[in-house]
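Input: a single structure, listed below in structure tokens.
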Amino acid sequence: MSCHLLPVDSPQVPAQPHAERRMPDVEPIPFAGLRLVHAALRRDLTRLPNALRLLQPGDEAAAQALQRHWDFMTAMLTCHHEQQDTRLWPLLRRFAPELRLLLNWLEADHHNLDHSFTRVTTLVRIATRDPASAWPVAYAVEELAARLETHLRIEERQLLPRMAGIFPAGSRIGTLPELLDLLRAADGPASSDALVWLLDGVDEGQIDRLLADCDDATARHWPHWRATYARCSEQLWGRGC
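With the UniProt record's numbering applied, the sequence shown corresponds to residues 1 to 241, in that order.
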């Protein structure tokens with residue numbers, strides 16, 4: 001399921017299970033990885049419908065950029081669901097058995113959402129090939145965004161507060177470093193692409209804090225990855241978006 005957001009080569013960070021930390025005394029921000037995925041999905045599902053409506057016949061560069069971005073976003077969602085279902089939910093079922101009914105519902109809803117995204121992926125492919133059909137596809141994306149929002153709110157309001165009382169301070173569960181490590185080990189989106197996507201639009205001070213949690217190689221390559229992402233995303237959202 002290899003998926004790349006950036007259409008140009010960028011430095012790849014090798015998997016380093018015991019990589020030296022930039023700031024060993026800094027604890028990872030609790031559940032930052034989970035929260036950043038949620039925020040990035042909301043952000044892009046809000047602006048993708050407008051990008052679809054602005055597609056012009058013959059603008060193949062914009063159409064390809066939109067399709068590439070959609071494919072990346074759906075791949076990130078799939079990885080997010082897989083990591084929750086196979087890694088996080090089993091831990092919670094063990095240490096918080098009272099959450100089992102909620103976790104069962106969330107896991108089942110993951111499958112329903114994945115099917116919905118697959119259906120809309122087919123529509124997006126049609127729209128990027130035939131911009132005349134883009135408007136109804138944009139409405140389908142908006143409906144999907146509303147559907148996903150319900151799921152995200154349940155996780156954030158009913159699950160994350162409980163997780164804070166289950167996992168000790170300093171745990172890597174759900175953090176950004178854990179997410180990047182899992183992506184490096186999986187056949188999914190590149191961790192470099194994931195990082196720039198997740199931090200798109202995040203406050204600069206918060207970015208510095210998040211990068212302080214990551215390994216040295218990630219921090220070194222961040223400026224290059226960010227600049228490349230900015231050039232590519234300009235095709236979709238325009239300068240400064």
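Backbone N, C-alpha and C fix where the C-beta goes; we use that ideal spot for every residue, glycine too.
* **Other residues of its chain near Q158: CB distance less than 7 Å, five sequence neighbours each side excluded** => Looking up residue 158 in the sequence shown gives position 158. Excluding residues within five positions, the ones whose Cβ falls inside 7 Å are L102.
* How many angstroms separate the CA atom of S233 from the CA atom of A185? -> As a position in the sequence shown, residue 233 is number 233, starting the count at 1. As a position in the sequence shown, residue 185 is number 185, starting the count at 1. One C-alpha to the other measures close to 26 Å.
* Compute the distance between the beta-carbons of D187 and H151, then report whether it is under 8 Å. => As a working note, residue 187 is residue 187 in the sequence shown. As a working note, residue 151 is residue 151 in the sequence shown. Not a contact, by the Cβ cut-off of 8 Å.
* Of all the options R94, Y229 and R43, which has the alpha carbon lying nearest to the alpha carbon of E142? -> The count along the sequence shown starts at 1 and reaches residue 142 at position 142. Looking at the Cα atoms, R43 is the closest of the given residues.
* Asked: Looking at R93 and R100, is the spacing between their C-beta atoms short of 8 Å?
  -> For the purposes of this step, residue 100 is taken as the residue at position 100 of the sequence shown. For the purposes of this step, residue 93 is taken as the residue at position 93 of the sequence shown. Result yes, Cβ atoms of R100 and R93 sit closer than 8 Å.
* Asked: By Cβ distance below 6 Å, which residues in the same chain neighbour L45 in space, the five residues on each side in sequence not counted?
  -> The residue you call residue 45 lines up with position 45 of the sequence shown. Excluding positions up to five away in sequence, the list reads A145.
* Hey, is L113's beta-carbon within less than 8 Å of any beta-carbon in chain B? -> Looking for chain B here will not work: only one protein chain is present.
* Asked: When the Cα atoms are used, what is the spatial distance from W237 to W105?
  -> As a working mapping, residue 237 is identified with position 237 in the sequence shown. As a working mapping, residue 105 is identified with position 105 in the sequence shown. Approximately 35 Å, taken between the alpha carbons.
* Asked: Tell me which same chain residues have a C-beta within less than 8 Å of the C-beta of residue 257, skipping the five on either side of it?
  -> For residue 257 there is no data in the structure shown, the boundaries of the chain being 1 and 241.
* Asked: Do you know whose CA, among E107, V120, G170 and E82, lies nearest L48's CA?
  -> Here residue 48 corresponds to residue number 48 of the sequence shown, with the count starting at 1. Nearest C-alpha to L48: V120.
* With DSSP as the reference, label P168 as helix, strand or coil. => Position 168 of the sequence shown, counted from the start, is the residue given in the question as residue 168. If DSSP states are grouped into helix, strand and coil, P168 belongs with coil.
* H224 classed as buried or exposed, judged by whether at least 16 other C-beta atoms fall within 10 angstroms -> Indexing the sequence shown from 1 puts residue 224 at position 224. When all chains shown are included, H224 counts as exposed.
* **Check whether G33 and G174 have beta carbons under 8 Å apart** => Numbered from its first residue, the sequence shown carries residue 33 at position 33. Numbered from its first residue, the sequence shown carries residue 174 at position 174. Yes, the pair counts as a contact, with Cβ atoms nearer than the cut-off.
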